[in-house]
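Undergrad: Encoded as structure tokens, here's the structure I'll be asking about.
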Amino acid sequence: MQGSERWLSGEPKLDDMLKDPIVRMLMKRDGLSEDMVRRVFQDAAKRLRARSGRVDRAA
Numbered sequence: 833m834q835g836s837e838r839w840l841s842g843e844p845k846l847d848d849m850l851k852d853p854i855v856r857m858l859m860k861r862d863g864l865s866e867d868m869v870r871r872v873f874q875d876a877a878k879r880l881r882a883r884s885g886r887v888d889r890a891a
């Protein structure tokens, strides 16, 4: 499957989302760059990993 077709079978990859023309238009409208969006996702991933680490140590 290619591009948006993959979305039909589950959660899309960030790369696929950032290639979507509608997502690109919304990012442009909101003044967001691809780098800004990637940083937000990277920060969220770090926080989730840290949170899951705290849960694992507490168990």
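Numbering (the numbering used here), first residue to last: 833 to 891.
Ideal Cβ positions, reconstructed from N, Cα and C, are used throughout, including at glycine.
Which value, in whole angstroms, describes the spacing of the CA atoms of residue 885 and residue 876?
TA: 14 Å
Undergrad: Pull up the distance between the alpha-carbon of residue 860 and that of residue 851, whole angstroms please.
TA: So the two alpha carbons sit approximately 13 Å from each other.
Undergrad: Can you tell which of 842, 879, 854, 846 has its C-alpha closest to the C-alpha of residue 868?
TA: 846
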